[in-house]
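Protein chains in written order, with the numbering used here: chain A, 172 to 286; chain B, 388 to 496; chain C, 32 to 270.
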C-alpha cells in the first residue's frame, strides 16, 4: 500500500464510501419491504418472516453498522468542512469507532443475539 | 449545477445526521425481542409526527444518496456526463417514490 | 549502523525499471547526498533535480520509501527500511521526464485554472490598501501563504490519482489564500473556478496533503474554507 493509503484519513474515507454504497443498495429494498404494508399487516409480516433467519439477521446487523459508520464518519467530514474542526489525530476516529460499535452491539443484543 | 449538487449533498447530510441518530435509536429500541408488522404499525398508524419525520428523511436520502454515488462512479469508473446524471436522477426518483410509498403504507394501514 | 546502503532508483520514464546501487552508509547523510554521490561517482546518466539543498526551494521533492518528501531534508537514518534499504521514485501523479525528474507544467497549469493569481482589478488605487495582520481573513491567508509549489501534496493526493482533472491541494490552497486577500477583485471568477466538479468538492478529506506538506501547511482546511464559500455561494444564488 502507498504511504498515502496508510493514512487514517484515507481509511476513514474508504470506509465512508463503502458503507455509503452498501446503504444505497440496501435502501430501495428496505423501502420496498415497508411498502408491502400497503397490502396489510399480513403482507408485511410474511416479508418480515424472511428476515428472521440467521443470515438475514447477520446482514441486518451489517446494515446497521454500515449506517452507523457512514453517519459517524460523515459527521467527522461535516465537522472539518463546516465547523472549522482541525482534526488529524486518532482521537476523533476512535470516538467514531466507539460509537459504531455501541450502535452495532445494542442492535445485535436487542435482536436476541448473545443469549 | 455541480456546485448545487455539492451544496445539496452537504445540507441534506446535516439533516440526515440528526435523522439517522433518531432512526438508529428508534430501531434499536423497537427491535427488542423481535419485530412484527403489528408492532411497527401500532406505532406508525395515524401518527402524523412519524409520517412527517420519515417523509423528510426520505426526501433527504433521495437527494443525498445519488449525489454521493455520482462521486464514486466518476472517480472509480470511466462513466460520467449526461448519461450518468440522468441515470442517477432516475435512481433519486426511485428512492423518492418507494420511500414515500413506504411512509404512506405504514401511516395509513 | 550498516556499512552499505542498498539504494533502488527508478530509471526511465513511465516505462522503466528499478536499478540498484551500493553506497557507503555515512553518519548524517541526507537522501540528497546519496543521490548526488550516485550521479557523480557511479552513473552520470542519472537525472534528478535539486537547487538550494537547504530546505527552501522544494526542487528536490521525490518519493522516498513510499513517502513524498524533500531529499535535502531527509536524513537517511530516519527513513531506512529493512536496515539499509532506500527506494527512490519520482513524484506521483506527474508525467515522468526521466528517472527522478517530473514534468511540473500540469501542476502549475492547475494553479492558473484555480485562479491562484492575484487580480488587482481595473481601477488604479489611490492609496495603499490597509490589511490588518490580525484580521480573520489575513490570518486565514497567512496559514497557507508559505507554499513554494514543491508538488509533495500533489504527489500524495489520491484524488489526483483518481481524477486527472482535479485541481489538487496546492492550487486550491493558493486560491483560498487569495480568497482571503481583501485587495483582490477577482473573487467571483475564482469561486466559479474552484467550485466545479474538479474543484474543492472533489476533496474527500484523506488529509495526505496535510500529513506530508514539508511546510506544515494544511491544504485540507483551506479546501474546507473553499467548500464553505461554495455552499454560501449557492445559497446566495451566486453559483
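Glycine included, each C-beta is placed from N, C-alpha and C at the ideal position.
Since this is a predicted model, take the numbers as computed values, not measurements.
Using a Cβ distance threshold of 7 Å, residue 187 of chain C and residue 240 of chain C count as a contacting pair. For residue 388 of chain B and residue 195 of chain A, the gap between their C-alpha atoms comes out near 22 Å.
When the Cα atoms are used, residue 393 of chain B and residue 232 of chain C turn out to be separated by approximately 7 Å. Contact with chain A is found for residue 258 of chain C, since one of that chain's Cβ atoms lies less than 7 Å from the residue's Cβ. Your pair residue 191 of chain C and residue 115 of chain C does not check out as a contact, with CB atoms roughly 32 Å apart and the cut at 8 Å. CA-CA distance, residue 142 of chain C to residue 200 of chain C, rounds to 10 Å. In this structure, DSSP gives residue 40 of chain C an extended state, which the three-state scheme calls strand. Residue state for residue 99 of chain C is assigned as strand, using DSSP reduced to three classes. Among the residues of chain B, none has a CB under 9 Å from the CB of residue 218 of chain C; the nearest is roughly 15 Å distant.
Think of a sphere of 9 Å around the beta carbon of residue 488 of chain B: the chain A residues whose beta carbon falls inside it are 202, 203, 205, 206, 209, in chain order.
For the region 452-479 of chain B, residues whose beta-carbon sits nearer than 7 Å to a beta-carbon of chain A comprise 452, 455, 456, 459. Against chain A, the CB of residue 237 of chain C has a partner CB under 7 Å away; the residue lies at that interface. For residue 52 of chain C against residue 73 of chain C, the beta-carbon gap comes to about 6 Å, under 8 Å, which counts as contact.
Identification of chain A residues near residue 407 of chain B by a Cβ-Cβ cut-off of 7 Å yields 238, 242, ordered along the chain. If you check each beta-carbon in the region 180-195 of chain A against every beta-carbon of chain C, the ones closer than 7 Å belong to 180, 181, 184. Taking the CA atoms as reference points, residue 472 of chain B sits about 10 Å from residue 456 of chain B.
By the neighbour-count criterion, in which 16 or more other beta carbons inside 10 Å mark a residue as buried, residue 207 of chain A falls on the buried side. Collapsing the DSSP output to three states places residue 162 of chain C in coil. Here the region 442-449 of chain B makes contact with the region 398-411 of chain B; the two share three or more CB pairs at distances below 8 Å.
Scanning the region 181-256 of chain A for uninterrupted alpha helix (DSSP H) segments of 4 residues or longer gives 212-221, 225-253, listed from N- to C-terminal end. Taking CB atoms only, residue 252 of chain A has a neighbour in chain C less than 7 Å away. Boundaries around residue 48 of chain C are those of the beta strand (DSSP E), 47-55, since no alpha helix (DSSP H) includes it. The C-alpha of residue 216 of chain A lies about 34 Å from the C-alpha of residue 269 of chain A.
For residue 208 of chain C, not one C-beta of chain A is nearer than 7 Å to its own C-beta. Under the three-state reduction of DSSP, residue 410 of chain B is assigned to helix.
In the three-state scheme derived from DSSP, where H, G and I count as helix and E and B as strand, residue 116 of chain C is classed as strand.
Cβ neighbours of residue 147 of chain C within its own chain (closer than 7 Å, five residues either side excluded): 202, 205, 206, 209.
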